[in-house]
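Residue numbers (the numbering used here), protein chains in the order written: chain A, 3 to 288; chain B, 3 to 288; chain C, 1375 to 1700; chain D, 1375 to 1700.
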Amino acid sequence: MSEATARPLQVRGEVLSTHRVGAYHHLVLVAPGVADQARPGQFVALALGGPDTNLVLRRAFSIYRVSTRGVYGGTVEIIYAARGAGTQWLARQVQHTRVDVVGPLGRPFAPPRDVASATLVGGGYGSAPLFALAEMLQARGCRVDFVLGAASSDRLFGALDAKRMGSIVAVTTDDGSAGTRGRVTDVLPAVIERAGTDVVYACGPMAMLRAVSVVADSYGIPAQCAVEESMACGIGVCMTCVLPVRGDDGITRMVRSCVEGPVFLGDRVRWDDVGTVPADALGAPR
Amino acid sequence: MSEATARPLQVRGEVLSTHRVGAYHHLVLVAPGVADQARPGQFVALALGGPDTNLVLRRAFSIYRVSTRGVYGGTVEIIYAARGAGTQWLARQVQHTRVDVVGPLGRPFAPPRDVASATLVGGGYGSAPLFALAEMLQARGCRVDFVLGAASSDRLFGALDAKRMGSIVAVTTDDGSAGTRGRVTDVLPAVIERAGTDVVYACGPMAMLRAVSVVADSYGIPAQCAVEESMACGIGVCMTCVLPVRGDDGITRMVRSCVEGPVFLGDRVRWDDVGTVPADALGAPR
Amino acid sequence: MTFSVRTVPAPTAPAEPACDVTTRLGPVTLPNPVLTASGCAAAGRELDQFFDVTQLGAVVTKSIQLAARSGRPTPRMAETPSGMLNSIGLQGPGIDDFLAKDLSWLRERGARTVVSIAGSSVEDYATLARRLRRADGVTAIEVNISCPNVADRGLVFACDPVAAGDVVAAVRHETDAAVPVFAKLSPDVTDIVAVARACVEAGADGLSMINTLLGMALDLDTMRPVLAGVTGGLSGPAIRPVAVRCIWQVHAALPDVPIIGMGGVRSGLDALEMVLAGASAVSVGTAVFNDPGAPPRVLHELVVALAERGFDRLSDAVGFAHRGPA
Amino acid sequence: MTFSVRTVPAPTAPAEPACDVTTRLGPVTLPNPVLTASGCAAAGRELDQFFDVTQLGAVVTKSIQLAARSGRPTPRMAETPSGMLNSIGLQGPGIDDFLAKDLSWLRERGARTVVSIAGSSVEDYATLARRLRRADGVTAIEVNISCPNVADRGLVFACDPVAAGDVVAAVRHETDAAVPVFAKLSPDVTDIVAVARACVEAGADGLSMINTLLGMALDLDTMRPVLAGVTGGLSGPAIRPVAVRCIWQVHAALPDVPIIGMGGVRSGLDALEMVLAGASAVSVGTAVFNDPGAPPRVLHELVVALAERGFDRLSDAVGFAHRGPA
Ligand SMILES: Cc1cc2nc3c(=O)[nH]c(=O)nc-3n(C[C@H](O)[C@H](O)[C@H](O)COP(=O)(O)OP(=O)(O)OC[C@H]3O[C@@H](n4cnc5c(N)ncnc54)[C@H](O)[C@@H]3O)c2cc1C
Ligand SMILES: Cc1cc2nc3c(=O)[nH]c(=O)nc-3n(C[C@H](O)[C@H](O)[C@H](O)COP(=O)(O)OP(=O)(O)OC[C@H]3O[C@@H](n4cnc5c(N)ncnc54)[C@H](O)[C@@H]3O)c2cc1C
Ligand SMILES: Cc1cc2nc3c(=O)[nH]c(=O)nc-3n(C[C@H](O)[C@H](O)[C@H](O)COP(=O)(O)O)c2cc1C
Ligand SMILES: Cc1cc2nc3c(=O)[nH]c(=O)nc-3n(C[C@H](O)[C@H](O)[C@H](O)COP(=O)(O)O)c2cc1C
Ligand code: FES
Ligand code: FES
């Protein structure tokens, strides 16, 4: 993935291939141009449902991998769970279906200024963007360790990739069907201590990000968390995707996770207040 | 096609094959049970668009052919023009797409009581239901002649079938790209005279049906016309598909073309008043 | 089934109810809460070809007037995104024919019948109610007040709390106390709670909502309105959020008044949404045009959805969203 | 482009207009009739990444208030059939920040700007207009009157002709005559023509319609409202038939008053429908969320559609459906 952040593109994409990975689907989309600009942690927004759909909103997906070369002139890959109408539609599509792609969107994970030891924490399909990140970090000479968690082994994504790339790879599942039974934060402290972690990168459900932030905080290290808020536009114009985040000036604002995120510093997000407007937020009702 | 009119069925159909015929599409649907009951002139109503469609109404199509035997346990065939959202969706479907089918619907063409000479007039895809009718008539010993018309040769459907089955086959196109340049009613009188026509059967656009009715009237012979009115339900519950028809009692009523038609006697339909409520219709506003 | 639904369990006959789905509409108890919607099921006979109409809570008939009416010219419909417009103009037989042919058929068939009535003056409605009082087989009366009031320059009764109340009072006065009278409200008002309150104060046992929204479409080839009637009523899934909001507001204001909810219900989950918002019964309208088997399917799916959420009784679910999980 | 549209010509840059698409909105003439919709384009900057916002007739900004507002808690949206609900609660910077950062950017960029304003009292609106009078780069003012009036128990201004007129009069009074004032109407009223008339009599140069319909959705897992704000505004293709009807009714009653039409426009044909019904300009709202390139695409498609129908001038098409083909 390239380093420059440029403006997002809107391109007529096309399904190149699609197959199941455990409980998820792995989709490869031809999306010329998007790949060249994408950086780890960014996402794409896809228009799903075809010409006569009753679905009016795009769906956001973290970019798993990109390839900028080859006969297709740029592909973008995502890992998704088929849950609602849009993703179920996507799961029914075969090669050549056209999918309008907007991306890359959002602020990527920021690499550490210096060579550092990075621990990457993923929950469910949330681990998808971590492998491109790991590659980038390793290219900069960083040490990379993984903590991957999921409800069950079929929802664990990328454990093999992680083993290939990570120094330590700790796996947890809620039901114990793979790795340690429990949550990622049950094993994270041990990994941080063994790895001498300087920075944590995390992507997964809100509750996990919050818990990861708490652990990172307790070690006095930063956590870069990629959040997942309901998004209507993904490009910053609708104000649906906000969450309370403290700024450099200490003031809490309801910020758009699609353009000011999805990656936030964990200690800036007011996790306990997500889903509310804190009384001390800028412009809060008095 | 069987003789008994029974209640319509609702079945989970499936696309068996689909291919283009000139400007039209020929669709073979597996629809167990529907075929067994269908009679010439009846139609099916298809739910199009898939699970997340924004299309809420069924689409009506005349039954072109049925087969009641074979591995598929009953197929229904239609000939359709892909014009609006629903038919364009249908044209994109491939084998195995599920299509909910309701049918057979409506009153079929009535066979003549005695052996008779029948002239079958079709406009555009309106000729589709005439071939099953011709078969039924011939099985009863009737003479069958065809007059087929269309805007252009690619919209002429079934000329070969007609040549195989009909004594006389007259073809007209508006642009002269096949047969005589002109309208079906330009050649119909000559056919009626040569064939000694006792009854006319017609299916096509309203304007054609009206003109055919006038010609048949002028020869003092009945015309059975299958009309095409906008239908929301196709089963008689919504009252969208009405047109003014004189009853046995001489009173004009706004009758539902989906259940009291689509086949009407031409001299009963008040063609000039279609699209209005004639002042003398039962219950007309005073 | 290829209709756009939020869930599609196997479209089989209604399962043995896992929960008690009887529902009270004022003085009357129905065996289950799924009804047809007025004008979307004629008088039940055509749908009886597709499923046994006695399986439903009740059949709600097309609105009946005093005399036969021819309705409006065609085109009478237009499809719109996730909805449709209609301008039928209440075509139908008059009350005499209706009683002789339709109501008697429904009674003999064993179906429960909610008779919808429509008029152009308070007196029309009163007369219709009087005629129905003498008839057998009327489970309830639904008063369609979305009709122009000739005495008030064609202003629709449902748009004016006073006129709406007058109609309801007249019908209630002429109707046996054992037969509940439901007023059917229009969403095209500034304050639906005010109209609801006026109807209840005038004696309505319950409220049906919502009727269609006033809409219109142009034909881009002729560049004129699609509908011969120019404007028409918008129905179907597109309007469901408006229906749920109306039910919610009225149930919040009048929690003891039973509501028949309708507007875009295609699935049992859609019906559940209305129940949780405050509806004691749910009518299936436009969805029937896409799926003639929709009413029993919706019932089946609703029963499953209630059971999945641990409800032993439908009545516990009515308005549940106002209270929230314990 | 995979959005549900009625026609999909190649999504290229707007073609050389085959017809004169300039449009007059009172004292102002715009180069073309396609605008963004308030709240669906922020202040233009984000969309400028996808297309040149100076190509549009104008950018309509998110409604601005006196002070910064945090809006409502999340969830703030729900998708519905062919539509969506939102309850953003007018989150945005106050007028000062807006003038300093947003309006100045739009002016420097060379875009025409319609500034939408919102308040909770007549005085709020007047103050906002006063502040805008001193600012450069305001092409027009759109007065969002779908806000609760604190002085009248939270009754929405747009629901009361008198309150609506008061707001419009106050804004008109504070605004330069060269800057047109458009009142944005809510469809959630019994008589939209009455509100339209009151606004025009109070000095509105034109009317924008429609704002969202009040709707709601329940979450069937939590069995509580989806939106933290409980109810929300329904927008998108689902509501287009209601928007077309409102434009039609108001244009019929007030044929000389320019209308900015909106509500579910996704394609040039949708825009044409509103123009034929009486709109002199068209705003593209929810469609932008599905297709950030929608506004210029709609413009391009509209130009093609007008040319195909033989219109040399957009102005000849405005309200054409009321007159019919010659
Ligand atoms: C930045 C970001 C990255 C994401 N990355 C992934 C990923 O890599 N893989 C993956 O499977 N999912 C990811 N998601 C979640 C994904 O967007 C939702 O699963 C998807 O939108 C659900 O769509 P649907 O049609 O299946 O559900 P529906 O329930 O039909 O969706 C209805 C509406 O709600 C929105 N919505 C529903 N669930 C979510 C959700 N969890 N988050 C945000 N919006 C939602 C939809 O976008 C849509 O607008 C991501 C979300 C965000 C915001
Ligand atoms: C009894 C009957 C038999 C028919 N037989 C055939 C046939 O054999 N082959 C064929 O190609 N077409 C036939 N039609 C017409 C066919 O129903 C329409 O072409 C089709 O509904 C158009 O759907 P759409 O989605 O393409 O158009 P859209 O414009 O998207 O349709 C919108 C709505 O209008 C209705 N509608 C649009 N055009 C017509 C029309 N011409 N007649 C009735 N309803 C319409 C649709 O059903 C739908 O509800 C028949 C119609 C009837 C009533
Ligand atoms: C074709 C049609 C005809 C209707 N006729 C009537 C009627 O006669 N009386 C009435 O009260 N409502 C009538 N309605 C309104 C419906 O009963 C119902 O209130 C509305 O359509 C919303 O429900 P739905 O979205 O499920 O259709 C009619 C609706 C349609 C679509
Ligand atoms: C997310 C969102 C935010 C909106 N914010 C505003 C607003 O601030 N001011 C306003 O006047 N209208 C607002 N609207 C209404 C739109 O401007 C428009 O009137 C309405 O959505 C109908 O058009 P559409 O269907 O094209 O979106 C908003 C709509 C949406 C969907
Ligand atoms: S999703 Fe629209 S602003 Fe973030
Ligand atoms: S199409 Fe509904 S009654 Fe004929």
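Each residue gets a CB set at the ideal place from its N, CA and C atoms; glycine is no exception.
Quick caveat: nothing in here was measured; it's all calculated off a predicted structure.
Let me know if residue i comes out buried or exposed under the rule of 16 or more other beta-carbons within 10 Å of its beta-carbon.
i: Ser4/B; result: With a pLDDT of 39 at Ser4/B, under the threshold of 50, the modelled position of that residue is not reliable, and the figure given next carries that caveat. Classification of Ser4/B: exposed, given that the 10 Å Cβ count is below 16.
i: Glu1420/C; result: buried
i: Glu231/B; result: buried
i: Val13/A; result: buried
i: Ala164/A; result: buried
i: Ala1578/D; result: buried
i: Arg1571/C; result: buried
i: Leu1547/D; result: Before going on, a small fix: residue 1547/D reads as His here, not Leu. With fewer than 16 other Cβ atoms within 10 Å, it is exposed.
i: Gln44/A; result: buried
i: Arg1697/C; result: exposed
i: Lys1475/D; result: exposed
i: Arg41/B; result: buried
i: Gly143/A; result: exposed
i: Ser1444/D; result: buried
i: Asp1550/D; result: exposed
i: Ala1/A; result: Residue 1/A lies beyond the residue range present for chain A, which begins at 3 and ends at 288; the question has no answer from this structure.
Assuming residue i contacts residue j under a Cβ cut-off of 8 Å, what Cβ separation, rounded to an integer in Å, is found between them?
i: Pro1611/C; j: Gly1693/C; result: Contact flag wrong, Cβ pair sits at about 23 Å.
i: Val1408/C; j: Leu1608/C; result: Not quite, the Cβ-Cβ distance comes to about 23 Å (not below 8 Å), so this is no contact.
i: Val101/A; j: Ala37/A; result: So it is not a contact: roughly 15 Å between Cβ atoms.
i: Val1555/D; j: Ile1515/D; result: 5 Å
i: Gly1638/D; j: Ala1617/D; result: 6 Å
Output yes or no for whether 8 Å exceeds the beta carbon distance between residue i and residue j.
i: Pro2/A; j: Asp200/A; result: Chain A is shown from 3 up to 288; residue 2/A falls before or after that span and cannot be answered.
i: Pro1447/C; j: Val279/B; result: yes
i: Thr1605/D; j: Arg1619/C; result: yes
i: Val1563/D; j: Thr1564/C; result: yes
i: Leu139/B; j: Ala120/B; result: yes
i: Tyr203/A; j: Leu132/A; result: yes
Note down the Cα distance separating residue i from residue j, rounded to an integer number of angstroms.
i: Cys260/A; j: Glu1647/C; result: 30 Å
i: Thr1376/D; j: Ser1641/D; result: Here the model assigns Thr1376/D a pLDDT of 34, short of 50, so the residue's position is not dependable and the matter cannot be decided.
i: Thr1386/D; j: Val1658/C; result: A caution first: Thr1386/D carries a pLDDT of 49, below 50, which makes its placement in the model too unreliable to give a value.
i: Asp1686/D; j: Asp1394/D; result: 6 Å
i: Arg1483/C; j: Arg185/B; result: 50 Å
i: Val1379/C; j: Ala62/B; result: Reliability fails at Val1379/C, whose pLDDT of 36 lies under 50, so the model's placement of it is uncertain and the value that follows must be treated cautiously. Cα to Cα, the separation comes out at about 21 Å.
i: Val173/A; j: Ala1492/D; result: 52 Å
i: Gly72/A; j: Pro34/A; result: 11 Å
i: Cys240/B; j: Gly222/B; result: 35 Å
i: Gly1580/C; j: Gly1511/C; result: 19 Å
Considering only heavy atoms of ligand 8, does any lie closer than 7 Å to the CB of residue i?
i: Met241/A; result: Ligands in the displayed structure: ligand 1, ligand 2, ligand 3, ligand 4, ligand 5 and ligand 6; ligand 8 is not one of them.
Original post:
If we count Cβ pairs, one from each stretch, closer than 8 Å, do we get three or more for the region 219 to 233 of chain B versus the region 264 to 271 of chain B?
Top reply: Yes: at least three Cβ pairs fall under 8 Å.
**OP:** Indicate whether the contact test is met: 3 or more Cβ pairs, each with one atom in the region 1542 to 1560 of chain C and one in the region 1484 to 1497 of chain C, closer than 8 Å.
**Re:** yes
Subject >> Validate contact between the region 1427 to 1444 of chain C and the region 1463 to 1473 of chain C using beta carbons, cut 8 Å, 3 pairs >> reply: yes
Original post:
Counting Cβ pairs closer than 8 Å, one from the region 1587 to 1594 of chain D and one from the region 1591 to 1598 of chain C, do we hit at least three?
Top reply: no
Original post:
Are at least three pairs of beta-carbons, each pair with one atom in the region 56 to 71 of chain B and one in the region 15 to 24 of chain B, less than 8 Å apart?
Top reply: No: the two stretches stay apart, fewer than three of their Cβ pairs being nearer than 8 Å.
Original post:
If we count Cβ pairs, one from each stretch, closer than 8 Å, do we get three or more for the region 119 to 132 of chain B versus the region 280 to 287 of chain B?
Top reply: no
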